[in-house]
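Q: Take the sequence shown: its letters are residues 68 to 345, numbered as in my numbering. Idealized CB from N, CA, C, for every residue including glycine. Below are the structure tokens for one structure; questions will follow.
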Amino acid sequence: MKIIHDEPLRPAHSKRAFVPTMGALHDGHRALIQQARHLVGTEGEVVVSIFVNPTQFGAGEDFDAYPRDLQGDIDFCAREGVDCIYAPSVDGIYGQRAPGRITIDPGPLGDMWEGSNRPGHFAGVLTVVAILLHKVQPDIAVFGEKDYQQLVLIRRMCRELSFGVQIVGVPTVRDHDGLALSSRNVYLDDAERAIAQAIPQAIQASLAQASRGEQAAVVAAQTVLRDAGLTPDYLVVCDEDLGPAPTEGSARLLVAVPVGRTRLIDNCALRIGGDDDN
Ligand code: AMP
């Protein structure tokens with residue numbers, strides 16, 4: 068396995084799949100790496116980047132505290148048969164910081180939900196993903212549905228700006244009690260970890276009510292969170308492209324919930340309407 072920091076990656080000689088991460092790798096990342104391998108086969112090349120991107124963290128967010136374990140990540144990737152780890156420095160990505168640096172504008176969808184709670188977050192995400200894609204030059208890039216709004220915005224960026232890379236989404240990997248795996252789960256103490264179970268429970272409640280319509284789906288989830296003493300930053304149903312929720316058909320529930328000082332996000336696919344009892 069090759070480990071590259073700021074030196075250029077060699078051009079791909081076979082199909083290249085790319086998994087961008089911020090490190091502190093867990094089973095969710097493992098699923099992305101395995102999907103990447105599946106897509107390019109043993110002949111192809113899997114590249115994993117590890118870069119905690121400062122520009123997607125707001126002032127007062129957890130950039131400094133974000134878990135970092137490069138050696139653990141290297142061992143993890145070696146076990147998964149990754150071909151190349153790309154772990155650039157901040158200067159290697161952004162170079163000398165000039166005032167008025169050019170960034171990707173995510174458009175109005177970047178100001179909603181995660182974007183309204185974390186101003187500038189998606190400009191930071193799209194800009195670093197654009198830089199990473201240009202440096203790595205993959206055929207395929209693999210992202211988690213865990214960050215659903217991010218996945219949709221990256222898909223749109225690559226399509227609308229003709230990046231010529233295929234974006235593949237991977238379903239969310241969950242812990243035994245349903246909590247979505249996240250590098251930030253290590254911030255939770257035991258009591259918070261127990262309370263956080265209410266998030267997947269809220270999702271289940273919402274799924275159970277979705278046939279009765281969007282409102283019923285939202286209220287069911289809100290009730291479970293409220294009963295656990297949690298107040299979401301947002302809890303919405305939208306369509307699969309982040310547009311308004313359909314009265315009937317495929318939709319997505321998106322939720323963000325502070326648990327103590329940790330902000331957790333989750334989402335699930337829903338089928339709205341179609342309840343014959345109504
Ligand atoms: P991160 O390191 O948290 O920036 O995540 C890197 C990639 O892994 C992103 O595409 C995430 O959506 C994805 N990811 C993170 N957690 C999970 C999970 N529990 N299941 C699936 N993908 C995940």
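Considering Cα atoms alone, identify which of E181, A197, P134, P205 is closest to R77.
A: The option with the nearest alpha carbon to R77 is P205.
Q: Of all residues in the structure, which have a C-beta closer than 6 Å to any heavy atom of the ligand AMP, taken in chain order?
A: That query returns the following residues: T88, M89, G95, H96, A98, L99, F210, G211, K213, D214, V237, T239, V240, A247, L248, S249, S250.
Q: Run the CB neighbour count on P186, radius 10 Å, all protein chains shown included, and call it buried at 16 or more, exposed below.
A: Looking at its Cβ environment, which holds fewer than 16 other Cβ atoms inside 10 Å, P186 is exposed.
Q: Looking at the unbroken alpha helix (DSSP H) that takes in Y161, where does it start and where does it end?
A: Here the alpha helix (DSSP H) through Y161 covers 157-161.
Q: Can you tell me which of A275, G327, V285, Q271 puts its alpha carbon nearest to the alpha carbon of L297?
A: Ranking the options by Cα distance to L297, first place goes to G327.
Q: Just reading off the alpha helix (DSSP H) that P267 is part of, what are its end residues?
A: Its alpha helix (DSSP H) spans residues 265-276.
Q: What is the DSSP secondary structure of K213, counted as helix, strand or coil?
A: Of the three classes helix, strand and coil, the one that applies to K213 here is helix, per DSSP.
Q: Would the region 273-283 count as touching the region 252-262 if we require 3 or more Cβ pairs under 8 Å?
A: Counting Cβ pairs under 8 Å, fewer than three are found: no touch.
Q: Buried or exposed for D94, please, with buried defined as at least 16 other CB atoms from any protein chain shown within 10 angstroms of its CB.
A: D94 comes out exposed.
Q: Counting pairs of beta carbons, one from the region 285-299 and one from the region 124-133, are three or more of them closer than 8 Å?
A: No, the region 285-299 does not touch the region 124-133.
Q: Which parts of the region 68-153 are runs of the alpha helix (DSSP H), unbroken and 4 residues or longer, counting only runs that do not cross its ends?
A: Qualifying alpha helix (DSSP H) stretches, in chain order: 94-107, 137-146.
Q: Run through DSSP, which three-state label would L320 get?
A: Note: L320 maps to strand in three-state DSSP.
Q: Would you call G191 buried or exposed, if buried means 16 or more other Cβ atoms sit within 10 Å of its Cβ?
A: Buried, since its Cβ has 16 or more Cβ neighbours within 10 Å.
Q: Helix, strand or coil for L337 per DSSP?
A: Strand at L337.
Q: For R330, name the three-state secondary structure that DSSP assigns.
A: If DSSP states are grouped into helix, strand and coil, R330 belongs with the strands.
Q: Are T314 and G340 closer than 8 Å when you measure CB to CB?
A: Yes; because the gap between Cβ atoms is below 8 Å, this pair is in contact.
Q: Specify, as a first and last residue, the run of the beta strand (DSSP E) that I198 falls within.
A: Counting along the chain, I198 falls outside any beta strand (DSSP E), though it belongs to the alpha helix (DSSP H) covering 188-203.
Q: From H243 to Q264, what does the alpha carbon distance come to, in whole angstroms?
A: Approximately 10 Å, taken between the alpha carbons.
Q: With A154 and H96 assumed to form a contact (beta carbons below 8 Å), what rounded beta-carbon distance in angstroms separates them?
A: Not confirmed; about 14 Å, so no contact.
Q: Taking a contact to mean a Cβ-Cβ separation below 8 Å, would you say L218 touches G245 in this structure?
A: It is not a contact, given that the beta carbons lie outside the stated cut-off.
Q: Output the distance between the C-alpha atoms of L320 and P267, rounded to the nearest integer angstrom.
A: Cα to Cα, L320 sits roughly 12 Å from P267.
Q: Could you please give the first and the last residue of the uninterrupted beta strand (DSSP E) stretch that includes L302?
A: Start and end: 301-305.
Q: Short of 6 Å in beta carbon distance, which residues of its chain neighbour M224, apart from the five on each side in sequence? Order them along the chain.
A: Taken in chain order, the residues that qualify are L193.
Q: Note the first and the last residue of the continuous beta strand (DSSP E) segment covering V235.
A: Its beta strand (DSSP E) spans residues 233-237.
Q: When the Cα atoms are used, what is the spatial distance from N345 to P311?
A: Note that N345 scores a pLDDT of 42, beneath 50, so its modelled location is shaky and nothing firm can be said.
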